[in-house]
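Just so you know, the sequences run in chain order A and B. Start counting the first sequence at 0; every next residue gets the next number (numbering that gives the first Met the number 0). Start counting the second sequence at 0; every next residue gets the next number (numbering that gives the first Met the number 0). Every residue, glycine too, gets a C-beta built ideally from N, C-alpha and C. Everything below concerns the one structure shown next.
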Amino acid sequence: MSAALSSSRHLGKPAIQLLGVNKWYGQMHVLRNINLEIAEGERVVVCGPSGSGKSTMIRCINRLEEHQQGQIIVDGIELSDDLKSLDAIRREVGMVFQSFNLFPHLTILENCTLAPIWVRKMPKKEAEELAMEYLTRVRIPEQANKYPGQLSGGQQQRVAIARALCMKPKIMLFDEPTSALDPEMIKEVLDTMVMLADTGMTMICVTHEMGFARQVADRVVFMDRGEVVESNTPNELFGNPQTDRLKLFLSQILRGH
Amino acid sequence: MSVTTHTPSPALPPPSRLMAGGPLGWVKANLLNGVFNSMITLLLAYLLVRYTISFVDWAFLNAIWQVPNDRFGRADTSSCRDIKGIGACWAVITEKHRFILFGTYPYEEHWRPAIVCVLFIALYIVSAMRRFWRKELVLVWAVTLTAIGLLMWGGVFGLSYVPQERWGGLPITLILATFGLAFAFPLAIMVALGRRSRLPAIKALCVVYVELIRGVPLISLLFMASVMFPLFLPEGLNIDKLLRAQVAIILFAGAYLAEVVRAGLQSLPKGQYEAAEALGLSYWQKTGFIILPQALRLVIPPLVNTFIGFFKDTSLVLIIGIFDLLTAAKTAIIEPQWQGFAVEVYVTVGLIYFIFCFAMSKYSAGLEAELNKHRKR
Ligand SMILES: Nc1ncnc2c1ncn2[C@@H]1O[C@H](COP(=O)(O)OP(=O)(O)O)[C@@H](O)[C@H]1O
Ligand SMILES: [Mg+2]
Numbered sequence: 000m001s002a003a004l005s006s007s008r009h010l011g012k013p014a015i016q017l018l019g020v021n022k023w024y025g026q027m028h029v030l031r032n033i034n035l036e037i038a039e040g041e042r043v044v045v046c047g048p049s050g051s052g053k054s055t056m057i058r059c060i061n062r063l064e065e066h067q068q069g070q071i072i073v074d075g076i077e078l079s080d081d082l083k084s085l086d087a088i089r090r091e092v093g094m095v096f097q098s099f100n101l102f103p104h105l106t107i108l109e110n111c112t113l114a115p116i117w118v119r120k121m122p123k124k125e126a127e128e129l130a131m132e133y134l135t136r137v138r139i140p141e142q143a144n145k146y147p148g149q150l151s152g153g154q155q156q157r158v159a160i161a162r163a164l165c166m167k168p169k170i171m172l173f174d175e176p177t178s179a180l181d182p183e184m185i186k187e188v189l190d191t192m193v194m195l196a197d198t199g200m201t202m203i204c205v206t207h208e209m210g211f212a213r214q215v216a217d218r219v220v221f222m223d224r225g226e227v228v229e230s231n232t233p234n235e236l237f238g239n240p241q242t243d244r245l246k247l248f249l250s251q252i253l254r255g256h
Numbered sequence: 000m001s002v003t004t005h006t007p008s009p010a011l012p013p014p015s016r017l018m019a020g021g022p023l024g025w026v027k028a029n030l031l032n033g034v035f036n037s038m039i040t041l042l043l044a045y046l047l048v049r050y051t052i053s054f055v056d057w058a059f060l061n062a063i064w065q066v067p068n069d070r071f072g073r074a075d076t077s078s079c080r081d082i083k084g085i086g087a088c089w090a091v092i093t094e095k096h097r098f099i100l101f102g103t104y105p106y107e108e109h110w111r112p113a114i115v116c117v118l119f120i121a122l123y124i125v126s127a128m129r130r131f132w133r134k135e136l137v138l139v140w141a142v143t144l145t146a147i148g149l150l151m152w153g154g155v156f157g158l159s160y161v162p163q164e165r166w167g168g169l170p171i172t173l174i175l176a177t178f179g180l181a182f183a184f185p186l187a188i189m190v191a192l193g194r195r196s197r198l199p200a201i202k203a204l205c206v207v208y209v210e211l212i213r214g215v216p217l218i219s220l221l222f223m224a225s226v227m228f229p230l231f232l233p234e235g236l237n238i239d240k241l242l243r244a245q246v247a248i249i250l251f252a253g254a255y256l257a258e259v260v261r262a263g264l265q266s267l268p269k270g271q272y273e274a275a276e277a278l279g280l281s282y283w284q285k286t287g288f289i290i291l292p293q294a295l296r297l298v299i300p301p302l303v304n305t306f307i308g309f310f311k312d313t314s315l316v317l318i319i320g321i322f323d324l325l326t327a328a329k330t331a332i333i334e335p336q337w338q339g340f341a342v343e344v345y346v347t348v349g350l351i352y353f354i355f356c357f358a359m360s361k362y363s364a365g366l367e368a369e370l371n372k373h374r375k376r
């Protein structure tokens with residue numbers, strides 16, 4: 000597995016490690032013995048049927064959900080009940096949600112500067128310059144003083160990406176960032192993510208966009224019923240599925256397209 | 000393959016229904032359509048005009064504004080009694096307005112509560128303006144409320160000391176309402192947040208507080224504060240009666256407001272909490288910048304509804320003998336020569352309550368529109 004990785008690009012030391020992670024919702028076992036190591040600068044796409052635990056897994060990485068067994072180590076810090084380490088991790092891990100989750104009562108610029116000012120303690124002016132820089136990169140600087148409700152879905156999701164980037168995270172998590180978008184807006188968001196991938200950011204992205212996976216992913220992880228079933232380069236995983244579960248899944252999403 | 004060129008259809012203005020035939024057309028279409036509707040319109044118009052005329056007659060045309068004094072120096076209200084039912088006796092207000100407004104506060108010191116009322120109103124106006132919503136506003140409140148205390152009590156700067164038992168009228172109502180809401184609102188926010196806390200002890204405490212207070216009428220809470228509470232105090236220690244009533248009102252308003260705030264907290268989507276947490280905001284940053292600003296905006300109408308209710312509920316302190324505006328008004332017409340002119344006095348006091356409540360209502364409507372602008376496209 001790691002041989003396939005290092006063949007494509009040189010990758011650094013581990014950024015995220017999940018070691019024997021288990022999680023239950025009540026009696027339901029939603030993450031089953033997950034072992035996953037993601038290197039610095041690596042781009043991983045996670046796919047799998049709905050309800051297979053993809054969101055739960057990436058939400059455990061910034062502790063929006065708590066795991067009950069095993070270890071999660073992010074940027075060298077183990078996730079625990081210790082609030083200090085939690086703050087440290089959340090500063091370094093950015094997240095983009097399916098439903099954008101912009102703050103509707105704040106302008107686009109305020110959405111982007113709030114966390115740098117209050118969490119990173121950055122001076123306001125500096126934070127605004129930084130925000131404008133990232134808004135320019137996602138190609139919506141002219142919307143800075145509007146409210147989220149005045150933007151299209153694709154624009155809102157690009158703002159959400161810029162907002163996360165303003166914290167200068169080392170790792171970015173994406174949970175189905177294009178699933179809530181109209182077809183004509185999916186491309187503008189994917190383009191933004193490709194651009195981000197080109198900067199060498201460590202990324203974990205839950206998505207069913209196979210084109211995107213083939214273009215940027217170093218590795219694709221297939222999850223089903225709470226387990227990591229297969230993990231391989233995009234070409235190998237899509238072209239040469241090893242398990243019946245993955246074959247079934249691929250036939251289903253291909254039919255859908 | 001043939002290509003058809005498609006010219007886009009021109010954008011047309013929507014058809015105008017309103018005022019199609021001018022104001023007269025509107026009246027015809029909405030008030031006089033059909034025999035039955037026309038009859039109702041005419042009947043209501045008749046009643047409206049008739050009662051307006053009789054009210055104007057009573058309140059203005061036939062009213063008496065001044066009465067002479069009799070040979071004992073007391074007001075001679077016989078002229079008022081002659082027109083009872085035909086004209087209003089506003090003389091009772093002319094004669095008694097200072098008592099109604101300031102109660103038993105020493106007569107020659109009335110300028111002090113008068114300034115207090117002006118200070119309160121100025122404080123409301125300044126606080127209502129969004130451009131003054133800065134940290135310094137807290138300081139303005141602290142200074143103003145201290146000044147109000149100094150003016151009412153006196154005993155310094157050459158002001159004579161006036162014990163609290165002699166305070167009365169409008170300042171009491173404003174003190175109870177202002178301090179009541181100023182303390183109850185933050186309390187309510189803390190309790191509402193506490194009810195959603197992950198710590199079971201805090202959560203239980205907040206639930207018990209809200210349920211206990213809501214289960215008891217304000218009147219019995221006031222009674223407890225004024226009659227029962229002193230029994231538990233050690234001999235010699237006496238907490239001011241007004242303060243006790245004030246605390247009762249704060250606790251009561253706090254429980255109700257907490258439920259309103261909680262409703263706002265609950266209506267926020269979970270994604271807002273998660274986005275704030277994912278950005279690394281601390282609990283208080285998340286609460287202060289993301290959650291409360293949105294939650295409170297959503298509940299402005301029920302919040303103001305509760306505010307208005309409590310402004311008027313302060314009048315319940317009359318049952319424990321505190322001299323608020325309503326009690327002062329009632330007491331003003333106890334003298335034999337003024338008995339029977341309750342309507343005029345209550346209309347006047349009602350008008351004062353109405354002005355404050357209506358101002359709150361208008362202001363909140365404006366604020367709601369202003370603060371929720373971002374929801375519109
Ligand atoms: N808060 C929750 N409480 C209970 N069950 C949940 C909760 N969130 C997710 N689940 C369940 O956990 C399983 C995995 O969910 P999720 O991680 O959202 O899957 P995916 O993102 O792959 O669609 C699903 O069966 C889902 O119903
Ligand atoms: Mg999901």
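Looking at chain A, is there any beta carbon in it that lies within less than 8 angstroms of the beta carbon of P300/B? Taking the second sequence and counting its residues from 1, the one referred to as residue 300/B is at position 301. P300/B does not count as touching chain A.
Contact set for S98/A: own chain, Cβ-Cβ below 6 angstroms, skip 5 residues either direction: As a first step, residue 98/A must be located in the first sequence, where it is residue number 99. So the qualifying residues of the chain are A179.
G47/A - DSSP class collapsed to helix/strand/coil: As a first step, residue 47/A is located in the first sequence; it is residue number 48 there, counting from the start. Coil, per DSSP.
Classify I333/B as helix, strand or coil using the three-state DSSP reduction. Start at 1 with the first residue of the second sequence, and residue 333/B comes out as number 334. I333/B: coil per DSSP, three-state reduction.
Using a beta-carbon distance cut-off of less than 7 angstroms, what residues from the stretch 93 to 113 of chain A approach chain B? M94, F96, S98, N100, F102, P103, H104 and L113
Could you name the residues of chain A that E273/B contacts, counting a contact when the two beta carbons are closer than 9 angstroms? Sequence index remark: in the second sequence, residue 273/B carries index 274 (1-based). Per Cβ cutoff of 9 angstroms: R58, L63, M94, F96 and N100.
Which term fits P176/A, buried or exposed, when burial requires 16 or more other beta carbons within 10 angstroms of its beta carbon? Within the first sequence, numbered from 1, the residue matching residue 176/A stands at position 177. By the 10 Å Cβ count, P176/A comes out buried.
Alpha-carbon to alpha-carbon, V346/B and L280/B: The sequence position of residue 280/B within the second sequence is 281, counting from 1. The sequence position of residue 346/B within the second sequence is 347, counting from 1. Looking at the two C-alpha atoms, the distance is approximately 53 angstroms.
In chain A, which residues lie less than 7 angstroms from I63/B when you measure between Cβ atoms? Your numbering for residue 63/B matches position 64 in the second sequence. Within 7 angstroms Cβ-Cβ: nothing; I63/B doesn't reach chain A, min ~56 angstroms.
Would the beta-carbon of Q67/A fall within 8 angstroms of that of K22/A? Within the first sequence, the letter at position 68 stands for residue 67/A. Within the first sequence, the letter at position 23 stands for residue 22/A. For Q67/A and K22/A, yes; Cβs fall inside 8 angstroms.
So which residues touch the region around ligand 1, with touch meaning a C-beta under 5 angstroms from any heavy atom? Y24/A, V29/A, S49/A, G50/A, S51/A, G52/A, K53/A, S54/A and T55/A
Could you work out which residues of chain A lie near I394/B, taking near to mean beta carbons separated by less than 9 angstroms? The requested residue 394/B is not part of the displayed model; chain B covers only 0 to 376.
Taking Cβ to Cβ, would you say A257/B is nearer than 8 angstroms to V209/B? Along the second sequence, one-based indexing puts residue 257/B at 258. Along the second sequence, one-based indexing puts residue 209/B at 210. A contact, by the Cβ cut-off of 8 angstroms.
Start and end residues, alpha helix (DSSP H) containing T143/B: Reading the second sequence from its first residue, position 144 is the one you call residue 143/B. From DSSP, the alpha helix (DSSP H) with T143/B extends over E135 to W152.
Identify which residue in I171/B, M189/B and S219/B has its Cα closest to the Cα of I99/B. The residue labelled residue 99/B in the question sits at position 100 within the second sequence. Among I171/B, M189/B and S219/B, the Cα nearest to that of I99/B is on I171/B.
I need the DSSP call for D174/A, collapsed to helix, strand or coil. Counting from 1 along the first sequence, the entry for residue 174/A is found at position 175. Strand, per DSSP.
Could you pull the DSSP bridge partners for E229/A from this structure? Counting from 1 along the first sequence, the entry for residue 229/A is found at position 230. DSSP lists F221/A as partners of E229/A.
List, in chain order, every chain A residue whose beta-carbon is nearer than 7 angstroms to that of A277/B. The residue labelled residue 277/B in the question sits at position 278 within the second sequence. Near A277/B (Cβ distances below 7 angstroms), the residues of chain A are N61, L63, R89 and M94.
What do you reckon, is the C-beta of D223/A under 7 angstroms from a heavy atom of ligand 2? Residue mapping note: residue 223/A aligns to position 224 of the first sequence, counting from 1. No.
Evaluate contact between the stretch 246 to 266 of chain B and the stretch 189 to 201 of chain B, counting only Cβ atoms and requiring at least three cross-stretch pairs below 8 angstroms. yes
Any heavy atom of ligand 2 inside 7 angstroms of the beta-carbon of E208/A? The residue you call residue 208/A lines up with position 209 of the first sequence. Checking the Cβ of E208/A against ligand 2 gives no.
Closer than 7 angstroms: E273/B CB and nearest ligand 2 heavy atom: Sequence index remark: in the second sequence, residue 273/B carries index 274 (1-based). No, since every heavy atom of ligand 2 falls outside the 7 angstroms radius drawn around the Cβ of E273/B.
E175/A: CB within 7 angstroms of a non-hydrogen atom of ligand 2: As a position in the first sequence, residue 175/A is number 176, starting the count at 1. Yes.
Select from K240/B, D239/B and A254/B the residue whose C-alpha is nearest the C-alpha of V215/B. Along the second sequence, one-based indexing puts residue 215/B at 216. Checking every option, the nearest Cα to that of V215/B belongs to A254/B.
Cutting at 7 angstroms between CB atoms, please list the residues of its own chain near D312/B, excluding the five before and the five after it. Stepping through the second sequence from its first residue, residue 312/B is reached at position 313. Counting only Cβ-Cβ distances below 7 angstroms, and skipping sequence neighbours, we find L217.
Hey, out of I170/A, M184/A, K120/A and G50/A, whose CA is closest to T198/A's CA? Locating residue 198/A in the first sequence gives position 199, counting from the first residue. For T198/A, the nearest C-alpha among the options comes from I170/A.
With 8 angstroms as the threshold, decide whether the Cβ of M121/A is near any Cβ in chain B. Counting from 1 along the first sequence, the entry for residue 121/A is found at position 122. Taking Cβ atoms only, chain B never reaches closer than 8 angstroms to M121/A, which makes this a no.
Stretch-stretch touch, CB-based, cutoff 8 angstroms, three pairs: the stretch 271 to 279 of chain B with the stretch 80 to 94 of chain A: yes
For a test of the three-state rule: what should DSSP assign to V24/A, helix, strand or coil? As a working mapping, residue 24/A is identified with position 25 in the first sequence. Note that residue 24/A corresponds to Tyr in the displayed sequence, not to Val. If DSSP states are grouped into helix, strand and coil, Y24/A belongs with the strands.
So, do the stretch 208 to 228 of chain A and the stretch 239 to 246 of chain A have three or more beta carbon pairs nearer to each other than 8 angstroms? Segments in contact, yes.
Could you tell me which of V95/A, N61/A and F237/A sits nearest to S79/A, measuring between CA atoms? For the purposes of this step, residue 79/A is taken as the residue at position 80 of the first sequence. Nearest option by C-alpha distance: N61/A.
I'd like the span of the alpha helix (DSSP H) that includes V344/B, first residue to last. Along the second sequence, one-based indexing puts residue 344/B at 345. Its alpha helix (DSSP H) spans residues A341 to L370.
Can you give me the start and stop residues for the beta strand (DSSP E) that I71/A sits inside? For the purposes of this step, residue 71/A is taken as the residue at position 72 of the first sequence. Unbroken beta strand (DSSP E) run through I71/A: Q68 to V73.
Where L105/A falls: helix, strand or coil (DSSP): The count along the first sequence starts at 1 and reaches residue 105/A at position 106. L105/A falls in the coil class under three-state DSSP.
Indicate whether at least one CB of chain B lies closer than 8 angstroms to the CB of V205/A. Taking the first residue of the first sequence as position 1, residue 205/A is located at position 206. False, the Cβ-Cβ gap to chain B never drops below 8 angstroms.
Beta-carbon separation (whole angstroms), L175/B vs A244/B, contact threshold 8 angstroms: By one-based count along the second sequence, residue 175/B stands at place 176. By one-based count along the second sequence, residue 244/B stands at place 245. L175/B to A244/B, Cβ: 7 angstroms. Contact.
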